[in-house]
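Q: I am attaching a structure below and will ask some questions about it afterwards.
2 protein chains.
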Amino acid sequence: MEIRVVRDVLEKNRRVAWKVRERCRRDRHSLLNLMSAPGSGKTSLLEKLIPLLVARGLRPAVIEGDVETTNDSERLAPLGIPVAHVCTGRLGGACHIPANVILAALDEFRPGEADCVIIENVGNLVCPAEVDTGADADLVMVSVTEGEDKPLKYPMAFRRAALALVSKADLAAAAGCDLGLLEANIRAVNPDLPVLRVSVRDGSGLEDLAGRVEALHRRALGA
Amino acid sequence: MEIRVVRDVLEKNRRVAWKVRERCRRDRHSLLNLMSAPGSGKTSLLEKLIPLLVARGLRPAVIEGDVETTNDSERLAPLGIPVAHVCTGRLGGACHIPANVILAALDEFRPGEADCVIIENVGNLVCPAEVDTGADADLVMVSVTEGEDKPLKYPMAFRRAALALVSKADLAAAAGCDLGLLEANIRAVNPDLPVLRVSVRDGSGLEDLAGRVEALHRRALGA
Chain F
1 MEIRVVRDVL
11 EKNRRVAWKV
21 RERCRRDRHS
31 LLNLMSAPGS
41 GKTSLLEKLI
51 PLLVARGLRP
61 AVIEGDVETT
71 NDSERLAPLG
81 IPVAHVCTGR
91 LGGACHIPAN
101 VILAALDEFR
111 PGEADCVIIE
121 NVGNLVCPAE
131 VDTGADADLV
141 MVSVTEGEDK
151 PLKYPMAFRR
161 AALALVSKAD
171 LAAAAGCDLG
181 LLEANIRAVN
191 PDLPVLRVSV
201 RDGSGLEDLA
211 GRVEALHRRA
221 LGA
Chain C
224 MEIRVVRDVL
234 EKNRRVAWKV
244 RERCRRDRHS
254 LLNLMSAPGS
264 GKTSLLEKLI
274 PLLVARGLRP
284 AVIEGDVETT
294 NDSERLAPLG
304 IPVAHVCTGR
314 LGGACHIPAN
324 VILAALDEFR
334 PGEADCVIIE
344 NVGNLVCPAE
354 VDTGADADLV
364 MVSVTEGEDK
374 PLKYPMAFRR
384 AALALVSKAD
394 LAAAAGCDLG
404 LLEANIRAVN
414 PDLPVLRVSV
424 RDGSGLEDLA
434 GRVEALHRRA
444 LGA
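Top to bottom, those sequences are chains F and C. If you're matching positions, the first sequence starts at 1 in this note's numbering and goes up one per residue. If you're matching positions, the second sequence starts at 224 in this note's numbering and goes up one per residue.
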């Protein structure tokens, strides 16, 4: 009985996700969805990535998802880009951003002001991976401090992603993380998934990441 | 409409959670629920905590929740205690352990073989905090590598917990974590919540933790 209800909701969400995709094509912008556990460093990454995307001629915007607080949007404010904040706690304590909320968030942007919209999903490796936002591509991130087994234990996000990021790479030695094992576990779940090590602290991998995000953006626009 | 459905499911779960509590009292064991984000170190903590509880004369058992894999139960096997494993992915990709699954997991233990059952919930700071397992007390853990703001952004688990743990305390300096700020943010969400720093690597805080777990256990049994 409960499973039937969940299936209905997910099926309805899937239909709305396709409306999101149609709308993104009509408005000529890409939509990328960044997922990770809480504290893997999504907002810190965006603070560094956004200026690199701007330098490449893109006009990024961000949809920020948080259960509570607008802390993350406030952190992005100095970047001067459009940010739409979604407080999922007001949607009934939601642990992810469903497609209908993405539709509403896109209304917050003025027509044409952004050509690359990035969703920072709620910090959660389970539910966001089950609920299609309507994004053109998903990025999944895991930090070196979370343990090498996380891709095996939370495989869904890694299965659907177009790019995996290993964050806080500068902390690998201090955290005792075997980077080779972590990346082998990502490949065990999804052999075709490109994996990129990044560090917001020392800047490594960020320019490479900007290039890959630009490529995903161009692929979404068919350019 | 969808919100009404979610409320129905949560209301039904709440009734089952009280059945869990009645059963725990009948079978004369406590039930504690450990929650954190993925990779905060729940399993590593249990590997060190269980022997300390045994040394105090308790007979612990563990209900292990994972979306996929039985890795965590395999890690606990050398401890020689009863472990019941819940693969929530087979329940429809579930991001938490509902009370009816706890009831089923308790059936896996022989009558009287455990007096302190610990749930290692799915790594997720959102859904497990919304869905009552039927536990007598909740423990919430956050690692120093996740950022000081996590209690503010994921407050629900901290609001309902009886004890908060700050894990990987030995990594605080390397991760650039301001422990005072992290703990102030926990108190901002729940001023009465005791906070304990622990490190599985250097052992700090673990004996203190065992004492607090024993106290929660005794309180649940009314002893």
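Just so you know, even glycine gets a beta-carbon here, dropped at the ideal spot from N, CA and C. Here the structure is a predicted model, which means the values were calculated and not measured.
Going by C-alpha distance, which of A387(C), G399(C), A392(C) and A395(C) is nearest L257(C)?
A: Reading the second sequence from its first residue, position 34 is the one you call residue 257(C). Residue A387(C) is the option with its Cα nearest to L257(C).
Q: Closest Cβ-Cβ distance between A175(F) and chain C: below 8 Å?
A: Within the first sequence, the letter at position 175 stands for residue 175(F). Cβ-Cβ to chain C under 8 Å: yes for A175(F).
Q: Find the residues of chain C that neighbour N71(F), judging by a C-beta separation of less than 7 Å, and give them in chain order.
A: The residue you call residue 71(F) lines up with position 71 of the first sequence. Within 7 Å Cβ-Cβ: D372, L375 and K376.
Q: Decide if P261(C) is buried, meaning its Cβ has at least 16 other Cβ atoms within 10 Å, or exposed.
A: Counted from its first residue, the second sequence places residue 261(C) at position 38. Label assigned to P261(C): buried.
Q: Please work out which residues of its chain come closer than 6 Å, Cβ to Cβ, to V363(C), disregarding the five sequence neighbours upstream and downstream, and give them in chain order.
A: Here residue 363(C) refers to the residue found at position 140 when the second sequence is read from its first residue. Excluding positions up to five away in sequence, the list reads M258, A380, F381, A384 and A387.
Q: Quick one: Cα of S204(F) to Cα of P321(C), how far?
A: Along the first sequence, one-based indexing puts residue 204(F) at 204. Along the second sequence, one-based indexing puts residue 321(C) at 98. Rounded to the nearest angstrom, the two C-alpha atoms are 42 Å apart.
Q: Taking Cβ-Cβ distances shorter than 9 Å, what residues in chain F pair up with E270(C)?
A: Taking the second sequence and counting its residues from 1, one reaches residue 270(C) at position 47. Here the premise fails: no neighbours, minimum Cβ distance about 13 Å.
Q: Figure out for me which residue from R420(C), D338(C) and G288(C) has the closest Cα to the Cα of A446(C).
A: Taking the second sequence and counting its residues from 1, one reaches residue 446(C) at position 223. Closest option to A446(C), Cα to Cα, is D338(C).
Q: Could you give the residue range of the beta strand (DSSP E) that holds C127(F)?
A: As a working note, residue 127(F) is residue 127 in the first sequence. Careful: C127(F) lies outside any beta strand (DSSP E), inside the alpha helix (DSSP H) at C127 to E130.
Q: Counting only beta-carbon atoms, is V117(F) nearer than 8 Å to chain C?
A: Taking the first residue of the first sequence as 1, we reach residue 117(F) at position 117. V117(F) does not count as touching chain C.
Q: When Cβ atoms are compared, which residues of the region 38 to 62 of chain F fall closer than 7 Å to chain C?
A: Here the close residues are P38 and G39.
Q: Could you have a look at S296(C) and say whether DSSP puts it in helix, strand or coil?
A: Numbered from 1 along the second sequence, position 73 holds the residue referred to as residue 296(C). Note: S296(C) maps to helix in three-state DSSP.
Q: Name the chain F residues whose beta carbon is nearer than 8 Å to that of E343(C)?
A: Indexing the second sequence from 1 puts residue 343(C) at position 120. Correct list: empty, because the minimum Cβ distance to chain F is about 12 Å.
Q: Are the CB atoms of C87(F) and E68(F) within a distance shorter than 8 Å?
A: Along the first sequence, read from residue 1 onward, the residue named residue 68(F) stands at position 68. Along the first sequence, read from residue 1 onward, the residue named residue 87(F) stands at position 87. Yes, the pair counts as a contact, with Cβ atoms nearer than the cut-off.
Q: L125(F) to C177(F), Cα distance in whole Å?
A: As a working note, residue 125(F) is residue 125 in the first sequence. As a working note, residue 177(F) is residue 177 in the first sequence. C-alpha separation (whole angstroms): 19 Å.
Q: Answer yes or no: do L254(C) and C247(C) have a C-beta to C-beta separation smaller than 8 Å?
A: Your numbering for residue 254(C) matches position 31 in the second sequence. Your numbering for residue 247(C) matches position 24 in the second sequence. Yes, they are a contact pair.
Q: If the cut is a Cβ gap below 8 Å, which residues of chain F does S366(C) touch?
A: As a working mapping, residue 366(C) is identified with position 143 in the second sequence. What S366(C) touches in chain F: G39 and T145.
Q: Kindly say whether D132(F), judged by its beta-carbon, lies nearer than 8 Å to any beta-carbon of chain C.
A: Here residue 132(F) corresponds to residue number 132 of the first sequence, with the count starting at 1. So no, D132(F) is outside the interface.
Q: Between P155(F) and G403(C), what straight-line distance do the alpha-carbon atoms span, to the nearest angstrom?
A: Taking the first sequence and counting its residues from 1, the one referred to as residue 155(F) is at position 155. Taking the second sequence and counting its residues from 1, the one referred to as residue 403(C) is at position 180. In a straight line, the C-alpha of P155(F) is about 34 Å away from that of G403(C).
Q: Nearest CA to the CA of L49(F): which residue from T145(F), R201(F) and A84(F)?
A: Against the first sequence, residue 49(F) aligns to sequence position 49. Among T145(F), R201(F) and A84(F), the Cα nearest to that of L49(F) belongs to R201(F).
Q: So, at 7 Å on beta carbons, what are the nonlocal neighbours of S199(F) in its own chain, with the 5 sequence-adjacent residues on each side left out?
A: Stepping through the first sequence from its first residue, residue 199(F) is reached at position 199. Excluding positions up to five away in sequence, the list reads K168, A169, D170 and G205.
Q: Is E234(C) close to chain F, meaning its C-beta is less than 8 Å from at least one C-beta of that chain?
A: By 1-based counting over the second sequence, the position of residue 234(C) is 11. Chain F contact via Cβ: absent.
Q: Near P274(C), which residues of its chain fall below 8 Å by C-beta distance, leaving aside the five closest residues on each side in sequence?
A: If you number the second sequence from 1, residue 274(C) lands on position 51. Taken in chain order, the residues that qualify are L302.
Q: Out of V239(C), A443(C) and V436(C), state which residue places its alpha-carbon closest to the alpha-carbon of A327(C).
A: Residue 327(C) sits at position 104 when you count from the first residue of the second sequence. The shortest C-alpha separation from A327(C) is found at V239(C).
Q: According to the neighbour-count rule (16 or more other Cβ atoms, all chains shown, within 10 Å of its Cβ), is L208(F) buried or exposed?
A: Against the first sequence, residue 208(F) aligns to sequence position 208. In the sequence as displayed, the identity of residue 208(F) is Asp instead of Leu. Classification of D208(F): exposed, given that the 10 Å Cβ count is below 16.
Q: Can you tell me which of the three DSSP states P310(C) falls into?
A: Translated into the one-based positions of the second sequence, residue 310(C) becomes position 87. Residue identity check: residue 310(C) is Cys in the sequence provided, not Pro. In the structure shown, C310(C) sits in a strand (DSSP, three-state: E or B).
Q: Which partner residues of S143(F) appear in the DSSP bridge assignment?
A: For the purposes of this step, residue 143(F) is identified with residue 143 of the first sequence, where counting begins at 1. According to DSSP, S143(F) bridges with S167(F).
Q: Let me confirm a value: D192(F) is counted as buried when at least 16 other C-beta atoms fall within 10 Å, else exposed. Which label applies?
A: One-based indexing of the first sequence puts residue 192(F) at position 192. Label assigned to D192(F): exposed.
Q: Can you tell me whether R219(F) is buried or exposed? The criterion is at least 16 other CB atoms within 10 Å of its CB, across all chains shown.
A: Stepping through the first sequence from its first residue, residue 219(F) is reached at position 219. Exposed, since its Cβ has fewer than 16 Cβ neighbours within 10 Å.
Q: Counting only Cβ pairs nearer than 7 Å, list the residues of chain C close to D66(F).
A: For the purposes of this step, residue 66(F) is taken as residue 66 along the first sequence, with counting starting at 1. What D66(F) touches in chain C: K376.
Q: Please state the DSSP three-state secondary structure of R282(C).
A: Counting from one through the second sequence, the residue named residue 282(C) turns up at place 59. Three-state DSSP puts R282(C) in coil, outside helix and strand.
Q: Report the three-state DSSP secondary structure of D66(F) (helix, strand or coil).
A: Here the question's residue 66(F) lines up with position 66 in the first sequence. Three-state result, D66(F): strand.
Q: Could you confirm whether any beta carbon from chain F is found closer than 8 Å to the beta carbon of G346(C)?
A: Here the question's residue 346(C) lines up with position 123 in the second sequence. True, the Cβ-Cβ gap to chain F drops below 8 Å.
Q: Can you find the residues in the same chain that come closer than 6 Å, C-beta to C-beta, to C350(C), ignoring five residues on each side of it along the sequence?
A: As a working mapping, residue 350(C) is identified with position 127 in the second sequence. For C350(C), where only same-chain residues beyond five positions count, the Cβ hits under 6 Å are C318 and H319.
Q: Taking the alpha carbon of P283(C) as the reference point, which residue from R410(C), V412(C), K376(C) and I342(C) has its own alpha carbon closest?
A: In the second sequence, counting from the first residue as 1, residue 283(C) sits at position 60. The shortest C-alpha separation from P283(C) is found at I342(C).
Q: Cα-Cα, which of S296(C), N344(C) and L405(C) is closest to V389(C)?
A: Your numbering for residue 389(C) matches position 166 in the second sequence. Residue L405(C) is the option with its Cα nearest to V389(C).
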